[in-house]
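Residue numbers (this note's numbering), protein chains in the order written: chain C, 1 to 244; chain F, 1 to 244; chain P, 1 to 244; chain R, 1 to 244; chain X, 1 to 244; chain V, 1 to 244. Built from N, CA and C at the ideal position, the CB exists for glycine as well.
Protein chains: 6
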Amino acid sequence: MADRKTALVISAHAADFVWRCAGAIALHQEKGWDVTIACLSYGERGESAKLWKQEGMTLEKVKADRRKEAEEAAKVLGAHDIRFFDAGDYPLELDRAAKDELVDLMRKVQPAFMMSHSLYDPYNTDHMYTTKVAMECRMIAQAWGHNPGEKVLGAPQLYLFEPHQTEQMGWKPDVFLDITPVWEKKRAAIECMRGQEHLWSFYTNLAVNRANHFRRNSGGQAGGRDAKYAEGFQSVYPRTVDEL
Amino acid sequence: MADRKTALVISAHAADFVWRCAGAIALHQEKGWDVTIACLSYGERGESAKLWKQEGMTLEKVKADRRKEAEEAAKVLGAHDIRFFDAGDYPLELDRAAKDELVDLMRKVQPAFMMSHSLYDPYNTDHMYTTKVAMECRMIAQAWGHNPGEKVLGAPQLYLFEPHQTEQMGWKPDVFLDITPVWEKKRAAIECMRGQEHLWSFYTNLAVNRANHFRRNSGGQAGGRDAKYAEGFQSVYPRTVDEL
Amino acid sequence: MADRKTALVISAHAADFVWRCAGAIALHQEKGWDVTIACLSYGERGESAKLWKQEGMTLEKVKADRRKEAEEAAKVLGAHDIRFFDAGDYPLELDRAAKDELVDLMRKVQPAFMMSHSLYDPYNTDHMYTTKVAMECRMIAQAWGHNPGEKVLGAPQLYLFEPHQTEQMGWKPDVFLDITPVWEKKRAAIECMRGQEHLWSFYTNLAVNRANHFRRNSGGQAGGRDAKYAEGFQSVYPRTVDEL
Amino acid sequence: MADRKTALVISAHAADFVWRCAGAIALHQEKGWDVTIACLSYGERGESAKLWKQEGMTLEKVKADRRKEAEEAAKVLGAHDIRFFDAGDYPLELDRAAKDELVDLMRKVQPAFMMSHSLYDPYNTDHMYTTKVAMECRMIAQAWGHNPGEKVLGAPQLYLFEPHQTEQMGWKPDVFLDITPVWEKKRAAIECMRGQEHLWSFYTNLAVNRANHFRRNSGGQAGGRDAKYAEGFQSVYPRTVDEL
Amino acid sequence: MADRKTALVISAHAADFVWRCAGAIALHQEKGWDVTIACLSYGERGESAKLWKQEGMTLEKVKADRRKEAEEAAKVLGAHDIRFFDAGDYPLELDRAAKDELVDLMRKVQPAFMMSHSLYDPYNTDHMYTTKVAMECRMIAQAWGHNPGEKVLGAPQLYLFEPHQTEQMGWKPDVFLDITPVWEKKRAAIECMRGQEHLWSFYTNLAVNRANHFRRNSGGQAGGRDAKYAEGFQSVYPRTVDEL
Amino acid sequence: MADRKTALVISAHAADFVWRCAGAIALHQEKGWDVTIACLSYGERGESAKLWKQEGMTLEKVKADRRKEAEEAAKVLGAHDIRFFDAGDYPLELDRAAKDELVDLMRKVQPAFMMSHSLYDPYNTDHMYTTKVAMECRMIAQAWGHNPGEKVLGAPQLYLFEPHQTEQMGWKPDVFLDITPVWEKKRAAIECMRGQEHLWSFYTNLAVNRANHFRRNSGGQAGGRDAKYAEGFQSVYPRTVDEL
């Protein structure tokens, strides 16, 4: 078990990992990886409009509700672990202690790859802030002089998962992942997000259309893989390979 | 043998494939691929200064000499095949017949990947022209209505190999290939280029420094692969994968 | 009738105008505009795979079939006019006479806006070629010395309609058009494209998801318009206004 | 009066709104809008060289003087309101309370559009900081869970007004506004800025030249509007329309 | 005289060199350089609207008139030489012979720097075509195998002079030249362009405002040079220096 | 001595100035400039892996060791002065007092140019943070109202020196400096960095290859300067000149 491959997903708000990379989580778990999810906030202020429209709602209730949804989704996906940083949203801000906690998690997980948001998002500054923090913490986790004696982090890829309006964010996918085998799990996780039902069909349509892009890029009408659902990701760092 | 994987390198001038992807050629040949090289010109006018400084030199002599060097280099690398289009250089211009010949070659080779130059090159317009032609011919080779009945091309990746001044060309590598096992072959191919001896150490230094980048991106001081020589490439199209 | 507003759509292949701006065509016709469609080719070689898989197919049959589909689609949309340049595809190439014909059409139509493809498309060089030609012809149509005495073209906006893989083409929409009132017409036009049935659901999903983007940008959960279907466009030139 | 349209201008220093969008302010006021100006600082340290060259100058005197100039300019333009945040300049830094104040103002004004600085400015980091804060506060103001019960903000456009050296800032206008009807007001507001007289002719020349761009883009020599003065703006978000 | 430094200006239409770099021409002539101007066309179709509005105008008359204006302007600036390629405009297209003529000129002049248009211009495809040709011919002129025996071209800088709407062309100046000493000559050259009087004040305003940018970048309010008129240029290639 | 020209190098970690601009430092000193180096941190946590692998290492020992290396290197280069801010690394963070100290240094040195890191660095957020701080402090140092009475800063160029993986950082050199006359000093300074011996050959190879770029851009095979070692820099601001 010690040598299972691992991955770490860093999600600004509780639901981001569901819309944006639930397929990758479920698929890698099925392939024997252990995927850990870090939710930096619950999205309690900014992504819970439906809850706030209810009578007598409080911040604590919203957070509890969002946490429950996220835990259910993680379970449906078979995720190895889910951690909540409860750092607040709109705006999300991590102090040094919270950043150190994320560094510790990176070192503990020793991920082969990490995931986070697009580099730019003029609609949601929490998203780009999260990726900035992920880069900073990756650097610190690699430093031999940070908590000397601990096993330092290697050089995991950082995949940027799909934002809501890709073109406005300057996000460009360079890899498509076939998530057909785990689609039912992703859809089930999506349906855990009861507070954002208006997005269920959006992200289903998207997975179907990304599969078209998968087929187009894997051979087109001359032998392209017949993927039904896919997710796209943008890589921050170059790959290193033995064969192209 | 029918099912050996194949690749196609499209080189504007006779020596480009040596400096820029000789390692990839030799390595894939060693791994059981068949790599075909298409030299669109001999670089006879623009990349043969040393020859032209000799007394009594003629265009035909330069071309013959350059062809011989390229054939020797291809042989040293164990390349499956090398084709010469003799389309002229400075400027390189392919008419419709020459483009059709390149389309035919793509369909015949059915490459899993192709290689060509950077998208932009203000020093050498032949280079960017070559990539433009490669894209156009890739599109035509995929068309069911071009020479109907032939096997159409799938969706091969197009890797852009390293130009001479990367930053001026806006070239950004997203994959590094460890060519340590075949370095001696690449160096031998480089030494076939007797007319451009001033570039031998440049491309040797480069391979060594790219190996540093390989190590940095494969784990750094915490387990990075100890590559000694590497080549970098920029992908034009997204990858399609089953696992990240 | 002389003062109806007009628009001109320039489509590389016969079906492009359907997938990419059928909603805009139908909507503007309903609002009293006259929209002319220029199909530079039938997409006979490159976008008719289904036909070419039939026994005994010929280029002329494919072209006739594709023309019929395009005419039906234009009729369904209520388009004012549709012109076929029959310039060939894969590759599409317009000689000077064909370009002059396009210049003449621009001057005759005197469009308030024009539409064409994305500026970059590594999958389909016909697409980016079309936009390059559109820009060149727009410039010529504005020249007082080209066929002196004719009414010159003003400064129509050039909208770039949505390509198949937006992020790979570097296409970024800056305007979303609500096409809910004419969706049934667009869907009917899509269904005229019998040879490309595999794309029907793709472009339906897309219209639905673009409506989500429309809502998000027109007010979000605080009063956003409840659009059900939308199309996105990228503007080449700045707008000139009296009020923001 | 409740249904007058509104706009909010966010100006890093006291004079920015004058040089960069005084025409837009005066024009929209004349058209029945209410425009509110938020000056985050007085520009007391960094944009008051002329005052600091006087004997015995103090920070408070500079601030008072700059405030007076800005109030006069706002009055000349007929601006609905002007607010001073007095957050300091060179560097400008808003703490959480100041940001909350800006969020409150956005919710109170409920602007149809907002204005701020370019995304990048290597000469003046206060400018790009201001836009970053504007985006963050826009996001917070949209959150149902921020001060629940208040009316949340919709999705106002954010226009970036013209910086001093446009090309160095990567600023690209996508809309030109004809300010001819209110030019005299803009010039009068400019003349209120007694401390920066060296910029009066610069911004007058600029308005005249932008009108040339307005004419070029509204029809050129074939019917372009004869604007005499104009301002340019870059949009951050896509527009949503019913007709192109 | 053999060792005077030389420069070569490549102008798409007859008047471009006046608006965009007349100051640089006059200034370098005064400093002892020899500047040669190559006008690829007269701008007879596309930039002579005023002439075409006259009764009985013919192409030949327009060309003669434009040539005369350009020659006068060159004379006023003291330019060493002006050459007319008469390759036609809207569109401008150079065949191989015309390109060879430009290569010959580059070799004959042996310029220390060359000048041409912006890399991109969606309003005027002749402009970007000219720069593309300039790059191609620079490459050919450097080739030892092109007309062997001639003195090959070195590596002259290619400066892109200022287009009409800088931001739309993606043009970014990296060097400002103080043209105060020769402003009167530039203004006189501008006034030679009798057919485009509507642009005189535009380019005067521009020179004044560019001087403001010159001052800002040469020291600002702490010692900036008091330039009154300036021109901006974008460099294509890196500089090589002995001291920064 | 008062009128010696001066420069200021701002280095995130103790060794950055050695790898990236030691040649520029030594060369300008030899030419009579005074170059001051500001090391914001010692790189004690993140760039001292070799030291941390020793038994019983402490943060203070690492810092002392790194300081000693940097001082030796500065001495070898003949640098006028070296200052240590000891602001900590991985992450590097300057509070207001530390920034004010940097502003004071800029005013004291009154540099003709400054140097710092690339604008973007996804591997090392300390690097891009340093350049952000350099820009902010440059702005403050120019403000007449910051510590009124002091001599304000002019408008020094900010050169971005070469990062470790140029293409990943989006760094593009626009000037190459011939450092052949001082190469031995640079190599000696490099060898002072005993803790990072794995980088010695990397930066030697790089200097050799940059000299190839120098030659290519200063004339190529037709008179290019025969530089043996070079460094490249990217300019943030435009130059202002009297002659091109």
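TODO: To the nearest angstrom, report how far apart Ala246 (chain R) and Ala207 (chain P) are at their CA atoms.
DONE: Residue numbering for chain R in the displayed model covers 1 to 244; residue 246 (chain R) lies beyond these limits and cannot be assessed.
- [ ] Could you please give the first and the last residue of the uninterrupted beta strand (DSSP E) stretch that includes Tyr159 (chain P)?
- [x] By one-based count along the third sequence, residue 159 (chain P) stands at place 159. Start and end: Gln157 to Phe161.
Task: Which listed residue (F:Gly43, F:Ala73 and F:Gln110) has its alpha carbon closest to that of Glu93 (chain F) - done: As a working mapping, residue 93 (chain F) is identified with position 93 in the second sequence. Ranking the options by Cα distance to Glu93 (chain F), first place goes to F:Gly43.
TODO: Mark Arg4 (chain P) as exposed unless 16 or more other C-beta atoms lie within 10 angstroms of its C-beta, in which case mark it buried.
DONE: Residue mapping note: residue 4 (chain P) aligns to position 4 of the third sequence, counting from 1. With a threshold of 16 other beta carbon atoms within 10 Å, Arg4 (chain P) falls short and is exposed.
Open item on the list: Beta carbons nearer than 7 Å to chain R: which residues of the segment 143 to 166 of chain V have them?
Closed with: Answer in chain order: Ala143, Trp144, Gly145, His146 and Pro148.
Task: Inter-residue spacing [alpha-carbon to alpha-carbon] between Val236 (chain R) and Phe17 (chain R) - done: Position 236 of the fourth sequence, counting from 1, holds the residue named residue 236 (chain R). Position 17 of the fourth sequence, counting from 1, holds the residue named residue 17 (chain R). Each residue's alpha carbon lies about 18 Å from the other.
Open item on the list: Can you give me the C-alpha to C-alpha distance between Gly154 (chain X) and Lys108 (chain X), rounded to a whole angstrom?
Closed with: Indexing the fifth sequence from 1 puts residue 154 (chain X) at position 154. Indexing the fifth sequence from 1 puts residue 108 (chain X) at position 108. About 12 Å.
TODO: Within 10 angstroms of the Cβ of Lys151 (chain P), are there 16 or more other Cβ atoms? Answer buried if so, exposed if not.
DONE: Translated into the one-based positions of the third sequence, residue 151 (chain P) becomes position 151. Exposed, by the Cβ-count rule.
Task: Alpha carbon of Thr180 (chain R) to alpha carbon of Gly78 (chain X), nearest angstrom - done: Stepping through the fourth sequence from its first residue, residue 180 (chain R) is reached at position 180. Stepping through the fifth sequence from its first residue, residue 78 (chain X) is reached at position 78. About 40 Å.
Open item on the list: In whole angstroms, give me the CA-to-CA distance for Ala7 (chain X) and Ala26 (chain X).
Closed with: Here residue 7 (chain X) corresponds to residue number 7 of the fifth sequence, with the count starting at 1. Here residue 26 (chain X) corresponds to residue number 26 of the fifth sequence, with the count starting at 1. So the two alpha carbons sit approximately 12 Å from each other.
Open item on the list: I'd like to know if the segment 167 to 183 of chain X and the segment 167 to 187 of chain R are in contact, where contact means that at least 3 CB-CB pairs between them fall below 8 Å.
Closed with: yes
TODO: Report the residue from X:His13, X:Arg20 and X:Glu60 whose alpha carbon sits nearest the alpha carbon of Gln234 (chain X).
DONE: Start at 1 with the first residue of the fifth sequence, and residue 234 (chain X) comes out as number 234. Gln234 (chain X) has its Cα closest to that of X:Arg20, out of X:His13, X:Arg20 and X:Glu60.
Task: Buried or exposed by the 16-neighbour rule on C-beta atoms within 10 Å, applied to Asp89 (chain X) - done: Looking up residue 89 (chain X) in the fifth sequence gives position 89. So Asp89 (chain X) counts as buried.
- [ ] Would you be able to state if there are at least three C-beta pairs under 8 Å between the segment 210 to 218 of chain P and the segment 123 to 133 of chain R?
- [x] No, because fewer than three Cβ pairs between the segment 123 to 133 of chain R and the segment 210 to 218 of chain P fall closer than 8 Å, the two stretches do not touch.
TODO: Compare the beta carbon distance of Phe214 (chain P) and Gly224 (chain P) with 9 Å and say whether it is the shorter of the two.
DONE: Within the third sequence, residue 214 (chain P) is the residue found at index 214, counting from 1. Within the third sequence, residue 224 (chain P) is the residue found at index 224, counting from 1. Between Phe214 (chain P) and Gly224 (chain P), the CB-CB gap stays under 9 Å.
- [ ] Determine whether the Cβ of Gly43 (chain C) lies closer than 9 Å to any Cβ atom of chain P.
- [x] Counting from one through the first sequence, the residue named residue 43 (chain C) turns up at place 43. No - not a single Cβ of chain P is within 9 Å of the one on Gly43 (chain C).
TODO: For Pro122 (chain C), go through chain P and note every residue whose CB falls closer than 7 Å to its CB, in chain order.
DONE: Taking the first residue of the first sequence as position 1, residue 122 (chain C) is located at position 122. None at all; the shortest Cβ gap to chain P is about 11 Å.
- [ ] Starting from Ala49 (chain C), find everything on chain R with Cβ-Cβ shorter than 7 Å and list it in chain order.
- [x] In the first sequence, residue 49 (chain C) corresponds to position 49, counting from 1. Chain-order list of chain R residues neighbouring Ala49 (chain C): Trp144, by C-beta distance under 7 Å.
Task: Pro250 (chain V): contacting residues in chain X (beta-carbon distance under 8 Å) - done: Because chain V here runs from 1 to 244, residue 250 (chain V) falls outside it and cannot be looked at.
Task: Rounded distance between the beta-carbons of Ala70 (chain C) and Ala15 (chain C), thought under 8 Å - done: Translated into the one-based positions of the first sequence, residue 15 (chain C) becomes position 15. Translated into the one-based positions of the first sequence, residue 70 (chain C) becomes position 70. Ala15 (chain C) to Ala70 (chain C), Cβ: 7 Å. Contact.
Open item on the list: With H, G and I counted as helix, E and B as strand and the rest as coil, what does DSSP make of Ala143 (chain P)?
Closed with: As a first step, residue 143 (chain P) is located in the third sequence; it is residue number 143 there, counting from the start. Coil.
TODO: Go ahead and pull the three-state DSSP assignment for Thr58 (chain P).
DONE: Position 58 of the third sequence, counting from 1, holds the residue named residue 58 (chain P). Reduced to three states, the DSSP call for Thr58 (chain P) is coil.
Open item on the list: Residues of the segment 66 to 88 of chain R in Cβ contact with chain C at a cutoff of 7 Å, in chain order, please.
Closed with: For the segment 66 to 88 of chain R, which is checked against every Cβ of chain C, not one residue is closer than 7 Å.
Task: For Ala7 (chain V), the first and last residue of its enclosing beta strand (DSSP E) - done: Here the question's residue 7 (chain V) lines up with position 7 in the sixth sequence. Its beta strand (DSSP E) spans residues Thr6 to Ser11.
TODO: Check whether the Cβ atoms of Phe113 (chain X) and Leu158 (chain X) lie closer than 9 Å to each other.
DONE: Counting from 1 along the fifth sequence, the entry for residue 113 (chain X) is found at position 113. Counting from 1 along the fifth sequence, the entry for residue 158 (chain X) is found at position 158. Cβ distance < 9 Å, so Phe113 (chain X) and Leu158 (chain X) count as in contact.
Open item on the list: Under 9 Å, Cβ to Cβ, is there at least one residue of chain X near Val103 (chain F)?
Closed with: For the purposes of this step, residue 103 (chain F) is identified with residue 103 of the second sequence, where counting begins at 1. Answer no: the Cβ-Cβ gap between Val103 (chain F) and chain X never drops below 9 Å.
- [ ] Starting from Val133 (chain F), find everything on chain V with Cβ-Cβ shorter than 8 Å and list it in chain order.
- [x] For this step, residue 133 (chain F) is matched to residue 133 along the second sequence. Per Cβ cutoff of 8 Å: no residues; Val133 (chain F) is ~24 Å from chain V at best.
TODO: Answer with yes or no whether the minimum CB distance from Leu206 (chain V) to chain F is below 9 Å.
DONE: Working through the sixth sequence from its first residue, we reach residue 206 (chain V) at position 206. Yes, because at least one Cβ of chain F sits closer than 9 Å to the Cβ of Leu206 (chain V).
Task: Any chain X beta carbon closer than 9 Å to Gly170 (chain F) - done: Taking the second sequence and counting its residues from 1, the one referred to as residue 170 (chain F) is at position 170. No, Gly170 (chain F) does not count as interfacial toward chain X.
TODO: Note down the Cα distance separating Glu162 (chain R) from His80 (chain P), rounded to an integer number of angstroms.
DONE: As a working mapping, residue 162 (chain R) is identified with position 162 in the fourth sequence. As a working mapping, residue 80 (chain P) is identified with position 80 in the third sequence. Their backbone Cα atoms lie some 41 Å apart in a straight line.
Open item on the list: If you measure between the beta carbons of Val76 (chain F) and Ala188 (chain F), is that distance less than 9 Å?
Closed with: The residue you call residue 76 (chain F) lines up with position 76 of the second sequence. The residue you call residue 188 (chain F) lines up with position 188 of the second sequence. One thing to note: Val76 (chain F) has its Cβ within 9 Å of the Cβ of Ala188 (chain F).
TODO: Pair every Cβ in the segment 97 to 106 of chain X with every Cβ in the segment 140 to 149 of chain X, then say whether three or more of these pairs are closer than 8 Å.
DONE: yes
Task: Integer-rounded CB distance, given that Leu51 (chain X) should sit under 8 Å from Gly195 (chain X) - done: Here the question's residue 195 (chain X) lines up with position 195 in the fifth sequence. Here the question's residue 51 (chain X) lines up with position 51 in the fifth sequence. The Cβ separation is near 6 Å, so the contact holds.
- [ ] Count the other CB atoms, across all protein chains shown, that sit within 10 Å of the CB of Asp121 (chain C); report buried if there are 16 or more and exposed otherwise.
- [x] Translated into positions along the first sequence, residue 121 (chain C) becomes position 121. So Asp121 (chain C) counts as buried.
TODO: Flag this pair as yes or no: are the beta carbons of Thr130 (chain C) and Ser11 (chain C) separated by less than 9 Å?
DONE: The residue you call residue 130 (chain C) lines up with position 130 of the first sequence. The residue you call residue 11 (chain C) lines up with position 11 of the first sequence. Yes, the pair counts as a contact, with Cβ atoms nearer than the cut-off.
TODO: Indicate whether at least one CB of chain P lies closer than 9 Å to the CB of Asp242 (chain X).
DONE: Position 242 of the fifth sequence holds residue 242 (chain X). Taking Cβ atoms only, chain P never reaches closer than 9 Å to Asp242 (chain X), which makes this a no.
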